[in-house]
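*Asks:*
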Amino acid sequence: MNDTHPLAPSEHEVYLVRVWYEFDGARPVWRASVLLPNDSQRRYFAAPATLLHFLGDHVARQHRPDTPQSGHSSPQAISDTHSD
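Going letter by letter, the sequence shown gives residues 4 to 87 in the working numbering.
1) Between A50, G28 and H15, which has its C-alpha nearest R21's C-alpha?
2) Does the separation of the CB atoms of R45 and L38 fall below 7 Å?
3) Would you check if the distance between the CB atom of E14 and the CB atom of P40 is smaller than 7 Å?
4) To the nearest angstrom, report how far apart Y18 and G28 are at their CA atoms.
5) Please say whether Y47 and S36 have beta carbons closer to each other than 7 Å?
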């Protein structure tokens, strides 16, 4: 982003990403969640690669003029059952 040419609101998005560790017995396991712009549903991930894949797909869809902006598909590895 250039300070002399800030992006218009339609040219950027803000994602809230949380990353943490939980313990599965004595073993720490990686967890993350993401809250998408204009979406109240939080999505949960158990692997960094799955989170990055989801964000990459979402960003690519948002910036394709022929792709509908509404509705978000979820990779199979996402679990919406975890609670904050």
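Virtual Cβ for every residue (Gly too), placed ideally from N, Cα, C.
*Replies:* The short version:
1) As a first step, residue 21 is located in the sequence shown; it is residue number 18 there, counting from the start. Ranking A50, G28 and H15 by Cα distance to R21 puts A50 first.
2) By 1-based counting over the sequence shown, the position of residue 45 is 42. By 1-based counting over the sequence shown, the position of residue 38 is 35. In this structure, L38 lies closer than 7 Å to R45 by Cβ.
3) Reading the sequence shown from its first residue, position 11 is the one you call residue 14. Reading the sequence shown from its first residue, position 37 is the one you call residue 40. Remark: C-beta atoms of E14 and P40 do not approach each other more closely than 7 Å.
4) Residue 18 sits at position 15 when you count from the first residue of the sequence shown. Residue 28 sits at position 25 when you count from the first residue of the sequence shown. Cα to Cα, Y18 sits roughly 31 Å from G28.
5) Here residue 36 refers to the residue found at position 33 of the sequence shown. Here residue 47 refers to the residue found at position 44 of the sequence shown. Going by C-beta atoms, S36 is nearer than 7 Å to Y47.
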